[in-house]
Each structure stands twice: as C-alpha cells, then as structure tokens.
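Structure record follows, encoded as structure tokens.
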Amino acid sequence: MSYTIEKLSGLIDAKRIGNKETAIDWLLTDSRSLCFPEETLFFALRTERNTGACYIPELYKRGVRNFVIRCHPLSEEPVDIAPTDFSDSNFLLVPDPLKALQKLAKLHRNCFHIPIIGITGSNGKTVVKEWLYQLLAPGHTVVRSPRSYNSQIGVPLS
1 MSYTIEKLSG LIDAKRIGNK ETAIDWLLTD SRSLCFPEET LFFALRTERN
51 TGACYIPELY KRGVRNFVIR CHPLSEEPVD IAPTDFSDSN FLLVPDPLKA
101 LQKLAKLHRN CFHIPIIGIT GSNGKTVVKE WLYQLLAPGH TVVRSPRSYN
151 SQIGVPLS
C-alpha cells in the first residue's frame, strides 16, 4: 500500500517543508537497511548516542528525499538539522518522530480488518511466532514480521 508524502504529513500531523510529490512505499529507521531510496521515508529517531538526524546527509547522498525529523514543540522549528540544506527534499516536522511512527503504524493497521495475534513474554517470542506460522500457513494467509520486531520501533515496522 502506497501513500503520498502529502497524505502521510496529514496522518501524522506534521508540518511539511518541501513540495516534492512522491509515493512512499517504505519506512526506514536504520540507515544501514536502505533498499529503495526514492520510495523511502526516513524517521530520524533519537537514540542514546545521537539524534538520528545525523544520518540524513548520508541518506541524502544515497537518494533518500523524504525525512521525518524532530521540531521544537512550541516554535515548530526544526531541531538537529537545517532542511534548507536539502532543497529537493521533503521534511515532515513532528515533536517526536517515534510517536509519529507509532501513530502511522496504528492508522495503517486499522485499514485492515483481519485477526492479529500478539505474542508477549520474556523469552521465546520468536520461536512461538515461527511455530504459529508453520501451524497456520498451510490453511490460511499468514503475514508475520521478518525478524524479531518486538520493540517500540519494531512493532510499528512489522
């Protein structure tokens, strides 16, 4: 399912800088996992070590032109990076890129009216996920996360 950058901006209540129209098919939080730069929206997430925005120049060189970055909650001005340095790009400014990612995932999931199985616990989630897939796949259409996406970032991406 593809979204336009304009639609995504509205869904996550972002202030948009840039007017390049594009379709977004991929969400990215880890610059090492880039596959389709023209169709990717990068969420610059804050980590213990950096802001995530420090990867924007590298991703820009690799062809990414759509970014979700943090803005100051009162002034709505960008924090951590100057979008004017990347004139042919779209920047979606939000107070918290992680919350924006989670909101977008929730809205996208609500477009589908299918059963969802959530697996919780301290140990064994990935094994149980794979067992359930093996049990259910022969008789049903089953979608599962490709890896162990069981964090605040991984669940929205799955």
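Position 150 (the sequence shown) corresponds to 150 in full-length UniProt numbering; numbering is contiguous.
A virtual CB, placed ideally from N, CA and C, is assigned to each residue, including glycine.
Between residue i and the rest of its own chain, which residues show a CB-CB distance below 7 Å, the 5 nearest in sequence each way excluded?
i	result
Leu-93	Ala-14, Lys-15, Ile-17, Ile-69, Cys-71, Glu-76 and Pro-78
Cys-54	none
Val-128	Ile-119
Have a look at residue i and residue j and give me their C-alpha separation to the nearest angstrom.
i	j	result
Thr-137	Arg-144	According to the sequence as given, residue 137 is Ala; it is not Thr. Going from the Cα of Ala-137 to the Cα of Arg-144 covers about 10 Å.
Asn-50	Trp-26	23 Å
Ser-87	Cys-111	33 Å
residue 189	Phe-43	Given that the chain is displayed from residue 1 to residue 158, the structure contains no residue 189 and the question cannot be resolved.
Thr-40	His-140	30 Å
Lys-7	Trp-131	37 Å
Arg-109	Glu-58	31 Å
Gly-52	Leu-45	5 Å
Helix, strand or coil, according to DSSP, for residue i in the structure here?
i	result
Ile-81	coil
Thr-4	strand
Leu-135	helix
Cys-54	helix
Arg-32	helix
Val-143	coil
Going by beta carbon distance, what residues of the same chain come within less than 6 Å of residue i, once the five residues before and after it are set aside?
i	result
Val-142	Tyr-133 and Leu-136
Phe-36	Trp-26
Pro-83	Ile-17 and Phe-91
Name the DSSP beta bridge partners of residue i, please?
i	result
Thr-40	Trp-26
Asn-110	The partner list for Asn-110 (beta bridge, DSSP) is empty, contrary to what the question assumes.
Leu-93	Lys-15 and Ile-69
Out of the options, state which residue places its alpha-carbon closest to the alpha-carbon of residue i.
i	options	result
Thr-4	Leu-101, Asn-90 and Ser-33	Asn-90
Ser-2	Ala-23, Ala-82, Gly-124 and Val-64	Ala-23
Pro-73	Lys-61, Val-128, Pro-115 and Pro-95	Pro-95
Arg-32	Val-64, Glu-48 and Thr-84	Val-64
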